[in-house]
Ligand code: PGA
């Protein structure tokens, strides 16, 4: 994993948006995996800015979102589909028929999940997957104990996740207890992965998934097994890392590293 430590939320967002934009410029029909939550809002704002300022072109890209609450209709104001339109899609020239978000109110989540996996495959697989991380180490809604081989399916949410996400709802009881989420196996098949995290509340889990053992108890730790994963943290999220100096040294000598690994 390449660890990039930035001073604050704004620079984390700018750095991640630049990486995504570079991939879009490199491949106009990029297949982009997307995440929701507070963390990527700044990144999406930056991408919208790049679209406006430089004409960054989204017209040919296909997107697949990681997850969606079960039973929420796509236009529900708390749905992740709604979030994506509000925070990114409506600000750029994306083709609505190339946007995929799991359908929370599907009649048959199992059939839907298989269909979603097929759409990803038919699109040629995900080129770049953007991830946030939950305080319990989840990526997507792959809560502790999720199999590293898991595919898109329904998962029950952890109590902590329900509490953390209650801020978006009128009251905690309204937070759905289940979600449809890509599996760890699905995520790990992305050619490149970009995980972003900010804030002190994520410091402990960032130390665990970056420097701790690979374990299904912290599902983000699976990224240690990925061949091309970039992690961008702000200073607070990086505050408990033990090998910060080393990551910074690598960053400052990136031109040498790039030459070595051909990036
Ligand atoms: P957050 O959520 O960005 O709102 O902190 C991240 C996550 O749960 O994956």
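In the working numbering, the protein residues as written are 22 to 284. Virtual Cβ for every residue (Gly too), placed ideally from N, Cα, C.
Taking 6 angstroms as the cut-off, the C-beta of residue 63 does not count as close to any heavy atom of the ligand PGA. Annotated three-state conformation of residue 245 is helix, per DSSP. Under the DSSP assignment, residue 230 falls in the alpha helix (DSSP H) whose first and last residues are 224-232. Minimum Cα-Cα distance from residue 206 among the listed residues 200, 178 and 171 corresponds to 171. Straight-line spacing of the CA atoms in residue 230 and residue 211 works out to 19 angstroms. The closest heavy atom of the ligand PGA lies 6 angstroms or more from the beta carbon of residue 157. With a beta-carbon spacing of about 7 angstroms, residue 176 and residue 163 fall inside the 8 angstroms limit used to define contacts.
According to the DSSP assignment, residue 160 belongs to no beta strand (DSSP E), since it is labelled neither H nor E. DSSP places residue 202 in the uninterrupted beta strand (DSSP E) bounded by 199-202.
By the neighbour-count criterion, in which 16 or more other beta carbons inside 10 Å mark a residue as buried, residue 153 falls on the buried side. In this structure, the ligand PGA has no non-hydrogen atom nearer than 6 angstroms to the beta-carbon of residue 88.
The Cβ atoms of residue 112 and residue 69 sit closer than 7 angstroms to each other. Counting C-beta atoms within 10 angstroms of its own C-beta, residue 254 has 16 or more neighbours from the protein chains shown and is therefore classed as buried.
A distance criterion of 6 angstroms places the beta-carbon of residue 236 beyond contact range of the ligand PGA, judged by its closest non-hydrogen atom. Annotation for residue 272: the continuous alpha helix (DSSP H) segment containing it runs 265-273.
If you look at residue 239, you'll find it isn't in any beta strand (DSSP E); DSSP assigns it neither H nor E.
In the structure shown, residue 115 adopts coil according to DSSP, grouped into three states. One thing to note: residue 277 has its Cβ no nearer than 7 angstroms to the Cβ of residue 23. Residue 59 has its Cβ nearer than 6 angstroms to a heavy atom of the ligand PGA. Taking the Cβ atoms as the reference, residue 215 lies roughly 5 angstroms from residue 151, within the contact range of under 8 angstroms. For residue 54 and residue 237, the gap between their C-alpha atoms comes out near 22 angstroms. Using a Cβ distance threshold of 7 angstroms, residue 146 and residue 239 do not count as a contacting pair. Look at residue 218 here: in three-state DSSP terms it is strand.
In the DSSP assignment, residue 90 is bridged to 200. The three-state secondary structure of residue 176, taken from DSSP, is strand. Here residue 146 carries a coil assignment [DSSP, helix/strand/coil].
For residue 23, the pairing in a beta bridge is given by DSSP as 251.
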